[in-house]
Amino acid sequence: MRLRIIFYFIISSLSLNSQDDHFRCSHNENVIDKEYVKDFIKKFNLKKSGGQTEFSLPVEMYNAPDGFFESYSVSAYFDTDTTSSYSDFDCGNRSKNDHRGVDFYSFPFCWLLYELDAYVAVCAADGIIFNKIDGNYDQNCSPEGNWNAVWVMHDDGSMTWYGHLKEGSLTSIEPGHRVDRGDYLGVIGSSGLSNGPHLHFQCFDSNLNLVDPFFGECNYFDTQSTYWLSQKEYRSPKMAALLTHKRKPRFGCPAENEYAFLKDTFYLGQSIWIGSYFIDYINKDDLKLQVLDPNGQVHKEFTLSSEFEYDNSHVEFEEFILYNEDIPGEWTLRCNYYGVVYEKKFVFVNEKTINVFPNPSQDLIEISGLDLDAVDYQIFSQDGKLVSRGIVKMNRVDLSNFPSGVYLLSINHPEMQFLNRVIKL
Ligand SMILES: [Zn+2]
């Protein structure tokens, strides 16, 4: 089965209506109070040094879940067109009117990455913390309120902003103290004028003039060379993730509407959903996704080519099932996309038995061997009386409300009934 979703990340960027007038930024106005900066420089006895600071990527994945490839993309570039229309530095339309920064988005499962503190803003160059704003709600699905943000002043006097961060996640380093390139600044969230988790990254040169850090033919706003240490390609097609799911995932906002259904172990006869997630997707004819068995043999091959030539974020879902004759063990998904081989492992358990543990138990009994989620169970006393019935949740049965004793646990799986003696301590 082939399914396709296009993600329109209509992610707003901007901005900040700080309680603090020194840090104003509205749709058309991006102001740093230069007098405040002068006082700050004096207070901390700072001296400008070095040539123009070059920025490195301000986002990083920390402890990414298995199957995420730590790829980053931009949902909206700086609007270099000073009219009511908009353009990005490369003459494309990946911007929005008066967007005065670069939006880096987390994909896929932006809310999962937010929950796990996995997608973070990092310092683009050495400098000192200039300002921090925290304490604002961070799960916006439409623009509202103030953001949580960090400002860094670099050694040449230039400045970078990191906005829409998760509440309470900001670096503990206080204004006036040093940070190095790559240092953690905060978790990417959706505070302020934002439609979903992303980082708004905004740059000012050493004279505190707003700049687009990208150099390109249509950078009408700022004709300087690139401000990046290494400017990323405008389009750099990559896999963002290759994941296995127990069901087809759902995307939504806020966090409670996103269901990743991630799963790495599958049992006999159970649907295995594969999600192939691309950023800066450029269609590749004859793009294949291979499923390899534990011996490395190709068991199945899906064609992932799309009729769409380009997608900012692109997903392909496939569903298949492994049966009794298939080899148990560690299986591999493999996709070669523009010369890079992406792999994801999952485990196939081919057993028709279950194990219950710990047994004896004080409260929760875990069940392994089959996926028994939402399957009915019954518990009988030793003399055969039904004492409880319910539904297995997360492959667990809760005995905590039972008196100590010996019971018979009956699991009513569609394929067979399992009977296990369990002891409640
Ligand atoms: Zn933005």
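Heads up: the sequence shown is residues 103 to 527, going by this note's numbering.
The beta carbon of each residue, even a glycine, is placed where N, CA and C say it ideally should be.
Bear in mind that the values here come from a model prediction, so they are computed numbers and not experimental data.
- Straight across, the Cα-Cα distance linking P210 with S158 is about 23 Å.
- Within 10 angstroms of the beta-carbon of D314 lie 16 or more other beta-carbons, which makes it buried.
- Beyond the five residues adjoining it in sequence on each side, C243 comes within less than 8 Å, by CB distance, of S292, N297, G298, C355, P356 in the same chain, given in chain order.
- Taking every protein chain shown into account, the CB of N248 has 16 or more other CB atoms within 10 angstroms, so this residue is buried.
- Taking all protein chains shown into account, F170 has 16 or more neighbouring C-beta atoms within 10 Å of its C-beta and is therefore buried.
- Separation of the CB atoms of F316 and F450 is rounded to 45 Å, and the pair is thereby denied contact status at 8 Å.
- The C-beta of V508 has fewer than 16 other C-beta atoms within 10 Å across all chains shown, which makes the residue exposed.
- Spatial neighbours of V289 in its own chain (CB-CB distance under 6 Å, excluding positions within 5 residues in sequence) are listed in chain order as D219, V222, K268, S271.
- Exclusion of the five residues before and after Y361 leaves P351, R352 as the residues of its chain whose Cβ lies within less than 7 Å of its Cβ.
- In the structure shown, the three-state DSSP call for A357 is helix.
- Cβ-Cβ distances below 8 Å link S502 to Q464, D465, L466 in the same chain, with the five nearest sequence neighbours on each side left out; the list follows chain order.
- Contact check for Q326 against G203 fails: the beta carbons are separated by 9 Å or more.
- Only exposed fits R491, as fewer than 16 other CB atoms lie within 10 angstroms of its CB.
- The distance from the Cβ of F520 to that of I481 is about 13 Å, inconsistent with a contact at the 8 Å cut-off.
- Among the bridge pairs identified by DSSP, C225 is matched with none.
- Y383 sits in a strand when the DSSP states are folded into three classes.
- For F520, the secondary structure class from DSSP, reduced to helix, strand or coil, is strand.
- If you draw a straight line from the Cα of L344 to the Cα of G259, it is about 41 Å long.
- Using a cutoff of 8 Å, the CB of A178 counts as near ligand 1, since one of the ligand's heavy atoms is closer than that.
- Between A251 and T155, the C-beta gap is not smaller than 9 Å, which leaves the two residues out of contact.
- V442 is classed as exposed because its beta carbon has fewer than 16 other beta carbons within 10 Å across all chains shown.
- Looking from the CA of S151, the closest CA among D257, F232, D141, N233 belongs to D257.
- DSSP, reduced to helix, strand and coil, places W253 within a strand of the structure shown.
- In the DSSP assignment, E217 falls within the unbroken alpha helix (DSSP H) covering 212-217.
- D500: not part of any alpha helix (DSSP H); member of the beta strand (DSSP E) spanning 498-500, first to last residue.
- With the rule of 3 Cβ pairs closer than 8 Å, the segment 404-413 does not count as touching the segment 367-374.
- Shortest gap from the CB of G203 to any heavy atom of ligand 1: under 8 Å.
- Nearest to F180 by C-alpha distance, out of S189, D168, N397, I231, is S189.
- With a 10 Å radius around the Cβ and a threshold of 16 neighbouring Cβ atoms, E319 comes out exposed.
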